[in-house]
Amino acid sequence: MSETNSVRLSGPGGIEAELPVHDGTLGPRVMDVRRLYAQTGMFTYDPGFTSTASCRSGITYIDGDAGILLYRGYRIEELAEKSDFLETAYLILFGELPNGAQRLKFIHDITYHTMLHEQVQFLFRGFRRDAHPMALMIAVVGALSAFYHEDLDVEDPHHRMIATYRMIAKMPTIAAWAYKYSIGQPFVYPRNDLGYAENFIHMMFATPCEEYRVDPVLAKALDRIFILHADHEQNASTSTVRLVGSTGASPYAAIAAGIASLWGPAHGGANEAVVLMLDEIGTVDRIPEFLARAKDRNDPFRLMGFGHRVYKNYDPRAAVLKQSADQVLATLGQKHNPKLEIAKELEKIALEDEYFQERKLFPNVDFYSGIILEAMGIPTKMFTAIFALARTVGWMAQWNEMMLDPEQKIGRPRQLYVGPGERPFVPLEERP
Ligand code: ACO
Numbered sequence: 090m091s092e093t094n095s096v097r098l099s100g101p102g103g104i105e106a107e108l109p110v111h112d113g114t115l116g117p118r119v120m121d122v123r124r125l126y127a128q129t130g131m132f133t134y135d136p137g138f139t140s141t142a143s144c145r146s147g148i149t150y151i152d153g154d155a156g157i158l159l160y161r162g163y164r165i166e167e168l169a170e171k172s173d174f175l176e177t178a179y180l181i182l183f184g185e186l187p188n189g190a191q192r193l194k195f196i197h198d199i200t201y202h203t204m205l206h207e208q209v210q211f212l213f214r215g216f217r218r219d220a221h222p223m224a225l226m227i228a229v230v231g232a233l234s235a236f237y238h239e240d241l242d243v244e245d246p247h248h249r250m251i252a253t254y255r256m257i258a259k260m261p262t263i264a265a266w267a268y269k270y271s272i273g274q275p276f277v278y279p280r281n282d283l284g285y286a287e288n289f290i291h292m293m294f295a296t297p298c299e300e301y302r303v304d305p306v307l308a309k310a311l312d313r314i315f316i317l318h319a320d321h322e323q324n325a326s327t328s329t330v331r332l333v334g335s336t337g338a339s340p341y342a343a344i345a346a347g348i349a350s351l352w353g354p355a356h357g358g359a360n361e362a363v364v365l366m367l368d369e370i371g372t373v374d375r376i377p378e379f380l381a382r383a384k385d386r387n388d389p390f391r392l393m394g395f396g397h398r399v400y401k402n403y404d405p406r407a408a409v410l411k412q413s414a415d416q417v418l419a420t421l422g423q424k425h426n427p428k429l430e431i432a433k434e435l436e437k438i439a440l441e442d443e444y445f446q447e448r449k450l451f452p453n454v455d456f457y458s459g460i461i462l463e464a465m466g467i468p469t470k471m472f473t474a475i476f477a478l479a480r481t482v483g484w485m486a487q488w489n490e491m492m493l494d495p496e497q498k499i500g501r502p503r504q505l506y507v508g509p510g511e512r513p514f515v516p517l518e519e520r521p
């Protein structure tokens, strides 16, 4: 990053400021407002951080206008086609693709940390069977901070790496057990002879009663979904992880907060909401009715899986998934999947509609992922849990990056106060 020049600001009342401007490797230039308050006595106001860079990062880059997503400089489409999830995880964490030996060691180290402390299962057992898997994941991941508290020094890079490996390794076990618990089946322990996605599918669907063989096509499709969800710059859940981590809190607590943030329907919860919406639409002829509702300012309904804060073009992850949906469904013998047919028609009509064109609303990653997951037999309630599982890689990479950043400070935004001015206390008998 270089500091190329500065911006001079002048405002009413003779306010003057000279602020440095930074150039990243890609993307818009950034005005450094850190000295703004000292120079002018004013804050900036940016609810939702629409124009604010909260940190420097070298992990993921999005060109929202062109619809490009890069992990450490590599296009997402290329990684989805040529790489696999653990290799991509290595890339995201360490900045380079692994060589053969690094790759094998990384796979080994992740594989051999997949078991949960036996005591953890009692946390699951404290929940109602109908609890949402995301609620269980928040609780169980948060509880890991109690299991790994004494021996964790967040200032020590080696300790941070152990926490990173543990988190990535244990997430599939936690997610699969959340599902097993909801259906009243015994927990299935991880198996070290299986690949990452394969092992997750096995823990989801195997029972102790008989041999369960994981379909390699499904494992490959799920692995690809994991790659596409692995990181996405400073989104709400990643910013949550950074904010919590900035206080020096346990990374397990930070990831639990990230999972909570991801759960909302405006973020990762949208993949579940898309499938529920497609169910509600039911038939292609009802699409115009739902589009009219999405466009109606007086109706809170939004087209789920459409629109994005950063992408003002087709989300490249949605493009990969749309193609993947056709392949996976054909392999599963579901060439005529009614939900996929409604989704494609909905997309076609929406993209031709002036409302969506004017606002640059395109399908996002959640639009097609749920259809693929459902076709694979994964229950709707698990969709966001799977998103969380994959995003754990990005969360941990961003947390590690933050902890190494010499400019890192506790995250503490300012505010535009609009409450009452100072006033004297009113005794009870004098209150109206
Ligand atoms: N359906 C209908 N209208 C929409 C939609 C939508 N899905 N998304 C945005 N709009 C409209 C808004 O009503 C607004 O219109 P207006 O200018 O007339 O008021 C305009 O487009 C801009 O929308 P904002 O809400 O200001 O955009 P923002 O960047 O804050 O929100 C978000 C982005 C939250 C993703 C939004 O597009 C949305 O709610 N989409 C549906 C939920 C969804 O799919 N979320 C997943 C996002 S991807 C992810 O997190 C993994």
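Mapping of the sequence shown onto our numbering: residues 90 to 521, in sequence order.
No residue lacks a Cβ here, since even glycine has one placed at the ideal position from N, Cα and C.
Query raised in the report: Who are the near neighbours of Lys269 in its chain, counting only those whose CB is closer than 6 Å to its CB and skipping five residues on each side?
Result: Phe276
**Report entry** Identity of the residues DSSP links to Leu77 by a beta bridge
**Finding:** The structure shown does not extend to residue 77, since the chain is modelled only from 90 to 521, so the question has no answer here.
**Report entry** C-alpha distance - Gly189 paired with His111, whole-angstrom precision
**Finding:** 37 Å
Requested in this report: Examine the Cβ distances between the stretch 183-197 and the stretch 234-245 and report whether three or more of them are shorter than 8 Å.
Outcome: no
Query raised in the report: For Leu450, is the beta carbon positioned less than 7 Å from some heavy atom of the ligand ACO?
Result: yes
Requested in this report: On the DSSP bridge assignment, give the partners of Phe395 in chain order.
Outcome: Pro452
Query raised in the report: When we look at the beta-carbon of Leu493 and count the other beta-carbons within 10 Å, is it buried (16 or more) or exposed?
Result: exposed
**Report entry** First through last residue of the alpha helix (DSSP H) which encompasses Tyr341
**Finding:** Pro340 to Trp352
Query raised in the report: the ligand ACO heavy atoms versus the CB of Gly459: any closer than 7 Å?
Result: no
Query raised in the report: How should Ser326 be labelled, buried or exposed, when 16 other C-beta atoms within 10 angstroms of its C-beta is the threshold for buried?
Result: buried
Requested in this report: Write down the C-beta distance between Val522 and Thr133 rounded to the nearest angstrom, noting that I regard them as a contact closer than 8 Å.
Outcome: Nothing in the structure corresponds to residue 522, since the chain is present only between 90 and 521.
Query raised in the report: Considering only residues of the same chain and omitting the five flanking positions on each side of Pro259, which have a CB-CB separation below 7 Å?
Result: At residue 259 the sequence reads Lys, which differs from the Pro that was named. Excluding positions up to five away in sequence, the list reads His202, Thr203 and Leu205.
Query raised in the report: Looking at Ala414 and the ligand GTP, is the gap between the Cβ and the nearest heavy atom below 7 Å?
Result: In terms of ligand content, the structure shown lacks the ligand GTP and carries the ligand ACO instead.
Requested in this report: Take Ile148 as the anchor and find which of Thr141, Arg512, Gly100 and Leu159 has the nearest alpha-carbon.
Outcome: Leu159
Query raised in the report: Taking the DSSP output, what are the residues bridged to Leu158?
Result: Ile151
Query raised in the report: Among the residues of its own chain, which have a CB less than 7 Å from the CB of Met120, if the five just before and after it don't count?
Result: Val96, Leu108 and Val110
**Report entry** Endpoints, alpha helix (DSSP H) assigned at Phe213
**Finding:** Val209 to Arg214
Query raised in the report: Per the contact definition of three or more C-beta pairs closer than 8 Å, is the stretch 241-250 in contact with the stretch 209-222?
Result: no
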